[in-house]
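K.L.:
Its first residue numbered 1, the sequence shown is counted upward by one per residue in UniProt numbering. We put the beta carbon where it would ideally sit given N, CA and C, even for glycine.
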Amino acid sequence: MLELVTDVAASAESWILGFAASPWIYLVLFAFTAIDGFFPPVPSESVVITLAVAAYATGSPNMWLVLLIAAVAAWTGDQIAYLIGRWVGTDRVPFLRSARGRKAVAWARQALERRGASFILAARYVPIGRIAVNMTAGALGYKRERFVFVTAAAAVLWAGYSVLIGFAAATWLGHSTLAAMAVGIAFGVLAGFVLDRVMAQIAARREARAEGQGGTGTAGTDDAAASGQRPELAEL
1 MLELVTDVAA
11 SAESWILGFA
21 ASPWIYLVLF
31 AFTAIDGFFP
41 PVPSESVVIT
51 LAVAAYATGS
61 PNMWLVLLIA
71 AVAAWTGDQI
81 AYLIGRWVGT
91 DRVPFLRSAR
101 GRKAVAWARQ
111 ALERRGASFI
121 LAARYVPIGR
131 IAVNMTAGAL
141 GYKRERFVFV
151 TAAAAVLWAG
161 YSVLIGFAAA
171 TWLGHSTLAA
181 MAVGIAFGVL
191 AGFVLDRVMA
201 QIAARREARA
211 EGQGGTGTAG
221 TDDAAASGQR
231 PELAEL
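Pasting the structure below:
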């Protein structure tokens, strides 16, 4: 997946930087980031990181506008994904109908039921994975008000993370935007994986504590978790 991302980033880098000083770049940023929320081919991290590098190196575009628009667009894309899952269902989405897609949806369904908000936060850092999770949340009827709040927090954190990666790359990697994109996306996947593992451990401890206090209703879930066959977030 990382190889595909860097290939796309390499082809997009030159023209994105060429438009960096134009007011239209903000519309491009919004479109790329929002569409990435429900259509996977172009991970929006590449656009945000590239523009953050340009902002640091040349002063254009405005870094604060990049941060704001990236967050709003990411949140918008997440809401669209939720509504697609709610109205259409995951079984009618082409890239989720493959064996890998069905596996991702099945896992997202189980994890959403067990971890909910923390899982949505972790998934925001994984290209494609966030789409499966958000569409599954809609299909499951995950509470809309809570989804709106959680995805807003996730979008702000994700946008800030992407901008910081761009700034760090411009400082440490000699303004090599391609290297910055590759590093940023790799760290994004790693962050999602680590956050998911931490939240899974916390959830498991809570379940064990509740069971130890006299409950047996989570036996089926514990058996599923103990099977070791659950795909990890970074595999989506």
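Please return the same chain residues whose Cβ sits closer than 7 Å to the Cβ of SER60, not counting the five positions on each side in sequence.
P.N.:
For SER60, where only same-chain residues beyond five positions count, the Cβ hits under 7 Å are ALA20, ALA21 and ALA54.
K.L.:
Please state if the CB of ILE128 and the CB of PRO23 are separated by a distance shorter than 7 Å.
P.N.:
no
K.L.:
If you follow the alpha helix (DSSP H) that LEU83 is part of, which residue opens it and which one closes it?
P.N.:
63-87
K.L.:
Between which two residues does the alpha helix (DSSP H) harbouring GLY166 extend?
P.N.:
144-172
K.L.:
Does the distance from the CB of PRO57 to the CB of ALA159 come in under 7 Å?
P.N.:
The residue asked about is misnamed: residue 57 is Ala in this sequence, not Pro. Not closer than 7 Å, so no.
K.L.:
Less than 7 Å separating the beta-carbons of ALA74 and ALA155?
P.N.:
yes
K.L.:
Could you pull out every residue in the same chain whose Cβ sits closer than 6 Å to the Cβ of ASP78, ignoring the five residues on either side in sequence?
P.N.:
Cβ neighbours of ASP78 beyond the five flanking positions: GLY37, ASN134 and THR151.
K.L.:
How close, in whole Å, do the beta carbons of LEU112 and TYR142 come, if the pair is a contact with beta carbons under 8 Å?
P.N.:
6 Å
K.L.:
Suppose the cutoff is 8 Å on Cβ atoms and the five residues either side in sequence are ignored; what does the same chain contact list for VAL183 look like?
P.N.:
So the list reads ILE165, ALA169 and LEU173, once near-sequence residues are dropped.
K.L.:
Starting from the C-beta of PHE167, find all residues in its chain whose C-beta is less than 7 Å away, skip the five residues before and the five after it, and write them out in chain order.
P.N.:
The answer, listed in chain order, is ALA52 and TYR56.
K.L.:
In this structure, how does DSSP classify TYR56 when only helix, strand and coil are distinguished?
P.N.:
helix
K.L.:
Can you list, in chain order, the residues of its chain whose CB lies under 6 Å from that of PHE30, leaving out five sequence neighbours each side?
P.N.:
ILE69 and ALA73
K.L.:
Can you grab the Cα-Cα spacing for the pair PHE147 / THR50, in whole Å?
P.N.:
29 Å
K.L.:
Which residue from ILE80, ARG144, ALA179 and ARG114 puts its Cα closest to that of ARG130?
P.N.:
Nearest of ILE80, ARG144, ALA179 and ARG114 to ARG130, Cα basis: ILE80.
K.L.:
Check whether the Cβ atoms of GLY138 and ARG102 lie closer than 7 Å to each other.
P.N.:
Going by C-beta atoms, GLY138 is not nearer than 7 Å to ARG102.
K.L.:
Beta carbon of THR136, beta carbon of ARG109: below 7 Å?
P.N.:
yes
K.L.:
Residues in its own chain within less than 8 Å of LEU65 by CB, not counting five upstream and five downstream?
P.N.:
TYR26
K.L.:
Could you spell out the range, first to last residue, of the alpha helix (DSSP H) harbouring PHE30?
P.N.:
24-36
K.L.:
Since ALA34 contacts THR76 with CB under 8 Å, what's their CB separation in whole angstroms?
P.N.:
5 Å
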